[in-house]
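Numbering (our numbering), first residue to last: 7 to 299.
A short write-up of the structure that comes next.
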Amino acid sequence: PVTKAYRNQDFLNSAHARHLRILAEYEETMQRLRASGVRATIQVFGSARAKDRGQYDRSMAELVEQLEAAKPGSEEHAEVEERITKLKSIEWMCDYMASIEELARRLTEWSMGKRQSRQMSPVPHRRFAYLPHSSEDNHPESRAPKAANLFIATGGGPGFMEAANRGASRVPGGRSAGMGISLPFETGLNPYVTPELAFEYHYFFTRKFAMAYYMQALVAAPGGFGTMDEFFELITLKQTGKMNQAMPVVLFGKKYWNTVVNWHAIADFGTINRKEVDEILFTDSVDEAFDYI
Numbered sequence: 007p008v009t010k011a012y013r014n015q016d017f018l019n020s021a022h023a024r025h026l027r028i029l030a031e032y033e034e035t036m037q038r039l040r041a042s043g044v045r046a047t048i049q050v051f052g053s054a055r056a057k058d059r060g061q062y063d064r065s066m067a068e069l070v071e072q073l074e075a076a077k078p079g080s081e082e083h084a085e086v087e088e089r090i091t092k093l094k095s096i097e098w099m100c101d102y103m104a105s106i107e108e109l110a111r112r113l114t115e116w117s118m119g120k121r122q123s124r125q126m127s128p129v130p131h132r133r134f135a136y137l138p139h140s141s142e143d144n145h146p147e148s149r150a151p152k153a154a155n156l157f158i159a160t161g162g163g164p165g166f167m168e169a170a171n172r173g174a175s176r177v178p179g180g181r182s183a184g185m186g187i188s189l190p191f192e193t194g195l196n197p198y199v200t201p202e203l204a205f206e207y208h209y210f211f212t213r214k215f216a217m218a219y220y221m222q223a224l225v226a227a228p229g230g231f232g233t234m235d236e237f238f239e240l241i242t243l244k245q246t247g248k249m250n251q252a253m254p255v256v257l258f259g260k261k262y263w264n265t266v267v268n269w270h271a272i273a274d275f276g277t278i279n280r281k282e283v284d285e286i287l288f289t290d291s292v293d294e295a296f297d298y299i
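Take a look at the structure:
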């Protein structure tokens with residue numbers, strides 16, 4: 007039998023159909039977000055390597071057991087020792103995991119309470135009427151009556167992303183989005199992402215667009231190249247007016263962020279304005295971050 011074009015997997019997975027795959031990732035995301043009543047998000051970024059105290063202690067106990075079972079001087083013994091050293095290097099993030107979880111819980115609880123009492127500030131309308139979702143207010147599925155006006159959204163992975171999704175899930179009726187990416191070393195989305203708001207992307211740029219489109223606030227916990235890539239791209243959109251320039255930006259983990267990036271040096275060299283640094287909240291406090299947002 008003849009295979010129809012839209013069922014031809016060889017074609018759909020070929021370079022010739024790349025634009026169709028890109029469009030599918032974009033449009034399927036927007037359809038599901040609208041259907042779930044999502045029109046505003048608080049994005050939470052951070053390292054996938056972070057562990058909460060329970061996860062850390064279990065991982066350490068397993069490694070210690072493996073070390074005791076390994077023959078001293080063997081390659082296996084040296085490998086386990088190296089893994090223990092690596093694990094110890096991230097122990098400092100355990101406390102931040104608890105803080106990010108609590109911040110996400112409080113923001114979700116606040117958002118749902120404001121939604122129910124109709125005290126939530128309106129989301130600013132898009133500037134350009136020709137955008138494909140400019141009619142989203144009239145979308146029949148965008149009026150979920152019990153939905154919070156602001157949703158926690160993450161990259162969907164483990165670590166700080168899992169902490170944020172878990173915090174949102176602790177609120178009765180709380181929902182949160184996870185926007186993951188297919189990578190060889192990732193295990194899929196964390197279990198705290200709301201199923202109807204679970205996304206997995208092939209293309210980094212469609213994922214970033216989805217993260218940015220409804221973002222009203224940004225929280226970045228300590229993280230590596232991925233976290234910094236996302237943070238700097240989105241703060242550039244804020245700087246250039248492509249996003250709301252009054253959008254709250256929080257860098258959680260003062261020592262980390264002030265050590266790995268010399269923010270004031272960038273301003274002193276004249277490549278950014280000091281005002282752009284001053285508009286970022288550097289904090290270790292859940293209360294301060296919550297109040298700022």
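Ideal Cβ placement from N, Cα and C applies to all residues, glycine included.
Item, Value
"DSSP three-state label for Phe191, please.", "coil"
"With DSSP run on the structure shown, which of helix, strand or coil describes Gln251?", "coil"
"For Thr233, which of Thr193, Gly276, Phe296, Met167 has the nearest alpha-carbon?", "Met167"
"Nearest CA to the CA of Ser95: which residue from Arg111, Met66, Pro78?", "Met66"
"Classify Leu189 as buried or exposed, calling it buried when 16 or more other Cβ atoms lie within 10 Å of its own Cβ.", "exposed"
"Per DSSP, Phe237 forms a beta bridge with which residues?", "BP columns for Phe237 are empty, so no partner."
"Can you tell which of Thr47, Glu33, Trp116 has its C-alpha closest to the C-alpha of Met253?", "Thr47"
"Just confirm the distance between the C-beta atoms of Gly229 and Phe205, as a whole number of angstroms; I'd bet it's less than 8 Å.", "Actually they do not touch by this definition, with Cβ atoms about 20 Å apart."
"Between Glu88, Glu97, Glu34, Ser80, which lies nearest to Ala56 when the distance is taken from Cα to Cα?", "Glu97"
"Evaluate Pro164 with the Cβ neighbour count: other Cβ atoms within 10 Å of its Cβ, from every protein chain shown; 16 or more gives buried, anything less gives exposed.", "buried"
"What span of residues does the beta strand (DSSP E) with Tyr207 cover, start to end?", "204-207"
"From this set, Glu31, Gly52, Ala84, which residue's C-alpha is nearest Gly162's C-alpha?", "Gly52"
"Would Ala271 pass as a contact of Asn279 if the rule is Cβ separation under 8 Å?", "no"
"Taking contact to mean at least 3 C-beta pairs separated by less than 8 Å, is the segment 233-243 in contact with the segment 213-220?", "yes"
"Gly43: buried (16+ other C-beta within 10 angstroms of its C-beta) or exposed?", "buried"
"Which whole-angstrom value is the C-beta distance of Thr289 and Val256, which I expect to be below 8 Å?", "6 Å"
"Hey, Leu93 and Ser117: beta-carbon distance below 8 Å or not?", "no"
"Between the C-alpha atoms of Arg181 and Ala174, what's the straight-line distance to the nearest angstrom?", "6 Å"
"Pull up the distance between the alpha-carbon of His208 and that of Pro78, whole angstroms please.", "44 Å"
"Pull up the distance between the alpha-carbon of Asn250 and that of Gly179, whole angstroms please.", "29 Å"
"If you draw a straight line from the alpha carbon of His25 to that of Ala84, how long is it in whole angstroms?", "48 Å"
"Short check: CB of Ile158 to CB of Ala110, under 8 Å?", "yes"
"Taking 7 Å as the line, does the beta carbon of Ser182 fall inside it for any heavy atom of the ligand FMN?", "No copy of the ligand FMN occurs in the structure displayed, which carries no ligand at all."
"Distance check for Asp58 and Pro197, CA to CA, integer angstroms please.", "15 Å"
"Which same chain residues end up closer than 6 Å to Gln72 when comparing Cβ atoms and leaving out the 5 residues on each side of it in sequence?", "Val86"
"Label Arg64 either buried or exposed according to how many other C-beta atoms from any shown protein chain fall within 10 Å of its C-beta, with 16 as the threshold for buried.", "exposed"
"From Arg213, Phe211, Thr193, Val177, pick the residue whose C-alpha is nearest to that of Thr200; which is it?", "Val177"
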